[in-house]
């Protein structure tokens, strides 16, 4: 019997560095996402670029995540991303170790620790089931399993490679019973989301599937329907 | 005879990741800096953290610089700093290759090019006279010479090592007659600024000397006096 | 009751990039190390620089480790360290993720895998107990716990911070019962080695304590005595 | 009139991390290369992997280059490539900043300097004409211009993009009259070599064109013929 209490499903939209989600368009997209989530009663969040965090956070009431933080304390670190700065801009949390911004093993533990000290929740990303477990050892709030080879393909990890998802869930739970588990890579339809949740995850991390969609609201509404089907 | 036309002296304050210049304090400090510069009639600018660019740019009318950009085009680059994003937040320019955020030679030329395409002015930093010339070959708007061993020491490059400044000016002008030249590292008094300008530079890049000062306005007013003495 | 079968204690000497252990001196030092180990009946090994692996391996019959490999397959990777190349030079294994050559979490699993495919044994290093467990998840032959703040100090981890060693042993065994555990940082006397083994480790990873010693053979003989005291 | 004295043409073969040029096969290939060069009276050299430098250097009398060095002095730099170590293994020189092992601008000047101190000749690589000039400012013995987009394609830079070669020659000579200039990327026939030399270069840097050829000796003999046609 699985004694891990399930978190409420969470749909987190990573804006990456897409122009469709930069500047004012980051604010507009965040508002749309908030609206769809609210209307469906599903928990949604956004991860805009650093320069957009402040205005996005000022415009919506959903969780806002940074896409990365550096493992640094305040001081002489020109050009780096200070956890306290991300927090001061209004972020609730941060991604760590995204496959497009991989960090050293030694920095993962300290990044999670520094984020916590700054009052930020953490999503540590990993590309394989074993790495997801290694990520979980740093005691983040969430682990996101995203096989890099599927990212941006439109072929959903939850359908193309369900084993990696179930294996990740199993391995993560073996070392950490409290971290929620997201899954990502290729998620583009409600069915992909439904499959992900059925495999034991607590939500999805999605990017191009929403941001590059012709009608992001419609795709997200679809995702929300999938969440509701499971409730 | 030196035929290089001198630019108006420029005092650029790098906020690094100091807590004294994070979030709301970045806005307050920027306003103070603007006020002192305006009152003295001296050109001043600020380089806040990424997350603070938007609110700083919305609060002051002086040039705002990012501390770094990544050499990327819009797309799937989670956690990176897109030049267009920096511009959309209201920045006028960006530092490139600061000694605390060194980049690869191959990326300097492309960073300058991408910044230009995004409508950003560029300050490429270098730690030695030869590297300043190499930086100048990428045709940035400004080159900043900052010997890393003096950064944050309070011992000003313009007084401790005037040869590196004059040598940088000479070597930069040999390969690029239009780039302005800033100098930095250890600048903390008006005399340091005066010395820097006398050595042929067009301004200074300063950080802790202002940001960590008990009364940043007073130190900056001092810097401005030094500029006016030379006019 | 601890059901983990103990490996024979192993003393691995990392030559780093010390001139005292470069070129011909790498060969001489390796021969001395072999001689002391043989005479005491204690298992010893060396980790010379890449350029010295071949001649060291040709000169001694003790295990020779590379100090790093890159996570690459044969091909167009100028300047990188191919596992097959290290093997072809005669190495038996390799360090991975030494605190002076940290790698990304995502590369640790693949480095271990590629090393195995090339016929190399693996020692994954980690600076904290949690990271040691994360390292153990990649299923290396050995995990080495080395708090970076003690490296090169002469203050031994096994005496200064025994908790980190016992905690590492516990956390590693929780996720991996077969990996041997080395400990390092500051090891410079036989007592340090004795303490390390008593804390449940299977050996030590030592560098300056031997390489920079006036009489490396004497120090190593001391280490061997400590091992024998425990047998 | 060009007053730059031309160096004797030089054909440098980069072994990268190809299995065809690893271990014993690195030695065999080097011997073949030496034989062809000797028989034609053309200056040839090889750049094997770190682990193979010693046995290659012991087997041939042609120049042997490392593929990279780190900008470090002797000490605690586990897993790095010490210039003195490369020299002790018998190398005559080293590549620096190959497009597959790019380094930071700030490290190029120090890498060249440290190589000189260790008695190694230097070839600094660059992907564009401007970067070639920046590389030349560090005063290496040679600059190699290799547009990364053509590397490994079999489409030779000297034929596909002759302008980048002539522009590089012009820009390098403007800032450094003594550095020899190699060109690389896609070089696979004698005609490619002939074209490169006619454009004002002093030789070629070649990899797959020789290493992956069915009969490397025949291809190299072809290259040598092209050199002789120009004498």
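Protein chains in written order, with my numbering: chain C, 1 to 231; chain Y, 232 to 462; chain V, 463 to 693; chain H, 694 to 924. Virtual Cβ for every residue (Gly too), placed ideally from N, Cα, C.
- Of all residues in the region 281-294 of chain Y, those with a C-beta nearer than 8 Å to a C-beta of chain C are 281, 282, 283, 284, 285, 286, reading in chain order.
- Spanning the alpha carbons of residue 717 of chain H and residue 788 of chain H requires a straight line of approximately 22 Å.
- Scanning Y:305, Y:252, Y:293, Y:299 for the CA closest to the CA of residue 19 of chain C turns up Y:305.
- Along the region 75-90 of chain C, going in chain order, the ones with a CB nearer than 7 Å to a CB of chain Y are 75, 76, 77, 78, 79, 80, 81, 82, 84, 85, 86, 88, 89.
- By the 16-neighbour rule on beta-carbons within 10 angstroms, residue 417 of chain Y is buried.
- DSSP, reduced to helix, strand and coil, places residue 170 of chain C within a helical segment of the structure shown.
- Across the region 403-428 of chain Y, no CB contact with chain C closer than 8 Å is found for any residue.
- H:750 is the residue among H:750, H:772, H:807, H:794 whose C-alpha sits nearest the C-alpha of residue 784 of chain H.
- The Cβ atoms of residue 871 of chain H and residue 838 of chain H lie no closer than 7 Å to each other.
- Judged by their CB atoms, residue 605 of chain V and residue 597 of chain V are nearer to each other than the 7 Å cut-off.
- Annotation: residue 330 of chain Y to residue 846 of chain H spans about 36 Å, alpha carbon to alpha carbon.
- When Cβ pairs closer than 8 Å are counted between the two stretches, the region 213-229 of chain C is seen to touch the region 32-44 of chain C, the count reaching three or more.
- Straight-line spacing of the CA atoms in residue 276 of chain Y and residue 405 of chain Y works out to 27 Å.
- Every beta strand (DSSP E) stretch that sits fully inside the region 361-385 of chain Y and reaches 3 residues is listed by chain position as 373-376.
- Taking 8 Å as the upper bound for CB-CB distance, residue 504 of chain V and residue 689 of chain V are in contact here, some 5 Å apart.
- The bridge partners DSSP lists for residue 476 of chain V are V:509.
- Residue 292 of chain Y is classed as exposed because its beta carbon has fewer than 16 other beta carbons within 10 Å across all chains shown.
- In the three-state reduction of the DSSP assignment, residue 469 of chain V falls in the coil class.
- The beta carbon of residue 364 of chain Y lies closer than 6 Å to those of 402, 403, 406 in the same chain, with the five residues before and after it left out.
- Here residue 582 of chain V is near residue 555 of chain V, since their CB atoms are less than 7 Å apart.
- Here DSSP, grouped into helix, strand and coil, assigns residue 230 of chain C to helix.
- Using a Cβ distance threshold of 7 Å, residue 165 of chain C and residue 11 of chain C do not count as a contacting pair.
- Residue range 180-184 is occupied by the beta strand (DSSP E) that includes residue 182 of chain C, with no alpha helix (DSSP H) assigned at that position.
- For residue 753 of chain H, no alpha helix (DSSP H) encloses it, and the DSSP letter there is neither H nor E.
- Listed in chain order, the positions of the region 835-869 of chain H with a beta carbon within less than 8 Å of a beta carbon of chain V are 844, 845.
- Taken in chain order, the members of the region 3-36 of chain C whose beta-carbon sits within less than 8 Å of a beta-carbon on chain Y are 14, 16, 17, 18, 19, 22, 23, 24.
- Within the region 892-905 of chain H, no residue has its Cβ closer than 9 Å to any Cβ of chain Y.
- Each of V:546, V:533, V:550 was checked against the Cα of residue 563 of chain V, and the nearest Cα belongs to V:533.
- For the set Y:260, Y:340, Y:314, the Cα lying nearest the Cα of residue 51 of chain C is the one of Y:314.
- Collapsing the DSSP output to three states places residue 795 of chain H in coil.
- Between residue 411 of chain Y and residue 252 of chain Y, the CB-CB gap reaches or exceeds 7 Å.
- Using a CB distance below 8 Å, the part of the region 577-598 of chain V facing chain C consists of 588, 589, 590, 592, 593, 595, 596, 597, ordered along the chain.
- Here residue 918 of chain H has 733, 883 as same chain residues with Cβ atoms under 8 Å from its own Cβ, once five neighbours each way along the sequence are excluded.
- Setting aside the 5 residues that flank it on each side, residue 112 of chain C is surrounded in the same chain by 96, 122, 124, 138, 139, 140, each with a C-beta closer than 8 Å to its C-beta; the list follows chain order.
- In this structure, the CA atom of residue 623 of chain V is about 11 Å from the CA atom of residue 611 of chain V.
- Taking the CA atoms as reference points, residue 229 of chain C sits about 46 Å from residue 279 of chain Y.
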